[in-house]
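Engineer: Keeping their order, the protein sequence lines are chains R and E.
Those letters in the first sequence? Residues 8 to 287, by my numbering.
Those letters in the second sequence? Residues 8 to 287, by my numbering.
The C-beta atom is built at its ideal place from N, Cα and C for all residues, glycine as well.
First the structure, then my questions, so here it is.
There are 2 protein chains.
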Amino acid sequence: MSQVEGTLVIIGGAEDKKGNCDILREFVKLSGSKHARILVITVATELPIEVGNQYIEVFQRIGVEDVRVLDVSNRDAANSPSAVQQIENATGVFFTGGDQIRITTLLGGTQIDAALHKGLEKGMVLAGTSAGASMMSSTMIVEGTGETNPKIGIVDMAPGMEFIRGVVIDQHFAQRGRLGRLLSAVAQYPHHLGLGIDENTAVVVEGLSFRVIGDGAVSVVDAGSLVYSNLPHLRKDDDLALCGIKLHILPAGYRFHLRDRMPILDGDEDSKREGNRELK
Amino acid sequence: MSQVEGTLVIIGGAEDKKGNCDILREFVKLSGSKHARILVITVATELPIEVGNQYIEVFQRIGVEDVRVLDVSNRDAANSPSAVQQIENATGVFFTGGDQIRITTLLGGTQIDAALHKGLEKGMVLAGTSAGASMMSSTMIVEGTGETNPKIGIVDMAPGMEFIRGVVIDQHFAQRGRLGRLLSAVAQYPHHLGLGIDENTAVVVEGLSFRVIGDGAVSVVDAGSLVYSNLPHLRKDDDLALCGIKLHILPAGYRFHLRDRMPILDGDEDSKREGNRELK
Numbered sequence: 008m009s010q011v012e013g014t015l016v017i018i019g020g021a022e023d024k025k026g027n028c029d030i031l032r033e034f035v036k037l038s039g040s041k042h043a044r045i046l047v048i049t050v051a052t053e054l055p056i057e058v059g060n061q062y063i064e065v066f067q068r069i070g071v072e073d074v075r076v077l078d079v080s081n082r083d084a085a086n087s088p089s090a091v092q093q094i095e096n097a098t099g100v101f102f103t104g105g106d107q108i109r110i111t112t113l114l115g116g117t118q119i120d121a122a123l124h125k126g127l128e129k130g131m132v133l134a135g136t137s138a139g140a141s142m143m144s145s146t147m148i149v150e151g152t153g154e155t156n157p158k159i160g161i162v163d164m165a166p167g168m169e170f171i172r173g174v175v176i177d178q179h180f181a182q183r184g185r186l187g188r189l190l191s192a193v194a195q196y197p198h199h200l201g202l203g204i205d206e207n208t209a210v211v212v213e214g215l216s217f218r219v220i221g222d223g224a225v226s227v228v229d230a231g232s233l234v235y236s237n238l239p240h241l242r243k244d245d246d247l248a249l250c251g252i253k254l255h256i257l258p259a260g261y262r263f264h265l266r267d268r269m270p271i272l273d274g275d276e277d278s279k280r281e282g283n284r285e286l287k
Numbered sequence: 008m009s010q011v012e013g014t015l016v017i018i019g020g021a022e023d024k025k026g027n028c029d030i031l032r033e034f035v036k037l038s039g040s041k042h043a044r045i046l047v048i049t050v051a052t053e054l055p056i057e058v059g060n061q062y063i064e065v066f067q068r069i070g071v072e073d074v075r076v077l078d079v080s081n082r083d084a085a086n087s088p089s090a091v092q093q094i095e096n097a098t099g100v101f102f103t104g105g106d107q108i109r110i111t112t113l114l115g116g117t118q119i120d121a122a123l124h125k126g127l128e129k130g131m132v133l134a135g136t137s138a139g140a141s142m143m144s145s146t147m148i149v150e151g152t153g154e155t156n157p158k159i160g161i162v163d164m165a166p167g168m169e170f171i172r173g174v175v176i177d178q179h180f181a182q183r184g185r186l187g188r189l190l191s192a193v194a195q196y197p198h199h200l201g202l203g204i205d206e207n208t209a210v211v212v213e214g215l216s217f218r219v220i221g222d223g224a225v226s227v228v229d230a231g232s233l234v235y236s237n238l239p240h241l242r243k244d245d246d247l248a249l250c251g252i253k254l255h256i257l258p259a260g261y262r263f264h265l266r267d268r269m270p271i272l273d274g275d276e277d278s279k280r281e282g283n284r285e286l287k
């Protein structure tokens, strides 16, 4: 059983759009390079025209000839045959930032939702940044407080779009001091691995593993190793005590196995994949 | 061999000075309550009069009759017999915030330095906040960048006053997103436990263990469990990869054994100490 249905590019927000655009370039490459047909979905943002135009400009600049924008502002639009057709036609779909709850409430259970899952199975690449990253998992962080110690009350969770199971994703991770809120999320169900993705940093998920690209790092927070948690006895806003969390810090080039919950350190698997840094 | 010479109160900065002043009250209590003789050392700050007056006001308000300020602006002053006498007379010494390098360069190897170590052995209580917290260890963080992933280049270290061995302390921890810089520090010598102390939060170290007091939490970062680090091969400013770090989040009432590198969870030791929350 694969934890992810296809290839995902999950970006921690604020990806470079003016310089080398390494992360967006990788997404385009995975989507077919010059033959890529990119669809930007702006449902998360309340500024769909501005944000859409920005991504059209970037993707064209890095060589994509076929790039379109799909905005969805109501559920009717999310069930329209033309929207489904645009997804079926795309080799790569990109979700912009904004508010993740707009994504799940406007798209959840619609024909677009179904077309995205079907597309992934058929080899489409799905990328998302910021809110578009958070919504990838089965349960997602909706909002929460940064720069604080872990407390139950600081993080609101909700169902996500379920493109990847077994993880909870947080973005802008180091930049907004979000260790506390990610710990608060994974402590509730330590089966979930917490992926804290820094800005201008992404994980590329293929099958059961991911690799890191970009400028920062990915913090993998594994609460499965907890030896003590006071959570069962807590009231809202009480401070969390968590003993024995496992933490991995993975910058660009490093890989992680999602089911084994372990970094892949020796290139023993498929070190044939281009762009992978040699690790040992 | 004890890791700490006496009782230390190590405060993560921004301790409450207007409300209940729980942390400062605990320091006063440990120093003898009504019989406490408190000496505030302002060497870290370039505003010794303002900062000194502020602490005199707070300590008097919470019932200390004998509170004095000692400022040291050059090494001559740090060798003066009257300064030494003030330390010998104090039951509790409190280091204010400021710049930790001022503390070590102005006091290191002086008669004040010697008197502080001697005082601790005889039962004096030593407290410090912010810069006054960082300087407590053998090697201290001088400065560094917050809100970033771990990199060697982001943290400057220097010798500390060596009141506690085996740890590196960081303060304003959650509030300034300092996980990355504390990891960068402990990765260099994983023998050191990283203590990330939140604002208005403190560890009270007695013998081989500490307990947490205050509003936030203490993050204990144990890199001793590392299974992989790319540090030996890095150039300055390269991103650190760290796999298998152990992390404990301890809010008020929780205790930690410094030599065993483990939280004390069952109250099996001396749960007789007042103010300890029952853990099981």
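(1) Please confirm whether Ala-181(E) and Gly-173(R) have their CB atoms less than 8 Å apart.
(2) Could you pull out every residue in the same chain whose Cβ sits closer than 6 Å to the Cβ of Ala-140(E), ignoring the five residues on either side in sequence?
(3) Determine, using beta carbons only, whether Cys-28(E) comes closer than 8 Å to chain R.
(4) Within 8 Å of any Cβ in chain R, is that where the Cβ of Gln-178(E) sits?
(5) Note down, in chain order, all residues in the segment 137-155 of chain R with a beta-carbon under 9 Å from any beta-carbon belonging to chain E.
(6) Does the beta-carbon distance from Thr-98(R) to Val-47(R) come in below 8 Å?
(7) Quick one, are the C-beta atoms of Met-142(R) and Gln-118(R) less than 8 Å apart?
(8) So, at 6 Å on beta carbons, what are the nonlocal neighbours of Lys-25(E) in its own chain, with the 5 sequence-adjacent residues on each side left out?
(9) Determine, for Leu-113(R), whether the minimum Cβ-Cβ distance to residues of chain E falls below 8 Å.
(10) Rounding to the nearest angstrom, what Cα-Cα distance links Leu-202(R) and Ala-90(R) in this structure?
(11) Using a Cβ-Cβ cut-off of 8 Å, state whether Pro-239(E) counts as contacting chain R.
(12) Identify every residue that forms a DSSP beta bridge with Thr-146(R).
(13) First and last residue of the beta strand (DSSP E) that includes Ile-220(R)?
(14) Name the chain E residues that come within less than 7 Å of Asp-205(R), Cβ to Cβ?
(15) When the Cα atoms are used, what is the spatial distance from Gln-61(E) to His-255(R)?
(16) When you compare only the Cα positions, how much space is there between Gly-20(R) and Thr-111(E)?
(17) Could you work out which residues of chain R lie near Ala-248(E), taking near to mean beta carbons separated by less than 7 Å?
(18) Going by DSSP, what residues sit across from Leu-133(E) in a beta bridge?
(19) Mind the definition here: the segment 25-42 of chain R touches the segment 63-79 of chain R only if three or more C-beta pairs lie below 8 Å; say whether that holds.
(20) Counting along the chain, where does the beta strand (DSSP E) carrying Ser-226(R) start and finish?
(21) Ile-252(R) touches chain E at which residues, Cβ-Cβ below 8 Å?
(22) Under 7 Å, CB to CB, which of the residues in the segment 224-236 of chain R have a partner in chain E?
(23) Give the DSSP bridge partners of Gln-235(R), in chain order.
(24) I'd like to know whether the C-beta of Gly-13(R) is nearer than 8 Å to at least one C-beta of chain E.
(25) In the segment 28-101 of chain E, which residue ranges form an unbroken beta strand (DSSP E) of at least 3 residues, counting only runs that do not cross its ends?
(26) Quick check: the segment 202-212 of chain E against the segment 200-219 of chain R, are there 3 or more CB pairs under 8 Å?
(27) For Ser-137(E) and Gly-105(E), what's the separation of their Cα atoms in angstroms?
(28) Nearest to Leu-5(E) by CA position, among Gly-160(E), Val-149(E), Leu-15(E), Leu-77(E), is which residue?
(29) Excluding the 5 residues preceding and the 5 following Ile-63(E) in the sequence, name in chain order all residues of the same chain whose CB lies nearer than 6 Å to its CB.
(30) If you count every other CB in all the chains shown that lies within 10 Å of the CB of Asn-156(R), and 16 or more means buried, which is it?
(31) Short of 8 Å in beta carbon distance, which residues of its chain neighbour Gly-167(R), apart from the five on each side in sequence? Order them along the chain.
(32) Out of Val-35(R), Ser-38(R), Leu-15(R), Gly-135(R), state which residue places its alpha-carbon closest to the alpha-carbon of Thr-49(R).
(33) Under three-state DSSP, which class holds Arg-262(E)?
(34) Taking all protein chains shown into account, decide if His-42(E) is buried (16 or more other Cβ within 10 angstroms of its Cβ) or exposed.
(35) Exposed or buried, Glu-57(E), counting other C-beta atoms within 10 Å across all chains shown (16 or more means buried)?
(36) In three-state terms, what does DSSP make of Arg-188(R)?
Structural biologist: If we stick to the structure as given:
(1) no
(2) Ile-17, Ile-18, Ile-176, Gln-178
(3) no
(4) no
(5) Gly-153, Glu-154, Thr-155
(6) no
(7) no
(8) none
(9) no
(10) 31 Å
(11) no
(12) Pro-166(R)
(13) 216-221
(14) Asn-156
(15) 42 Å
(16) 41 Å
(17) Ile-256, Leu-257, Pro-258, Tyr-261
(18) Leu-15(E), Val-100(E)
(19) yes
(20) 224-229
(21) Lys-253, Leu-254, His-255, Ile-256
(22) Ala-224, Tyr-235
(23) For clarity, residue 235(R) is Tyr in the given sequence; the question names Gln instead. Paired residue(s): Cys-250(R).
(24) no
(25) 44-48, 73-77
(26) no
(27) 7 Å
(28) One cannot answer for residue 5(E) here, as it falls past the ends of chain E, which runs 8 to 287.
(29) Val-74
(30) buried
(31) Gln-107, Thr-111, Ser-141, Met-142, Met-143, Ser-144, Ser-145, Thr-146, Met-147
(32) Gly-135(R)
(33) strand
(34) exposed
(35) exposed
(36) helix
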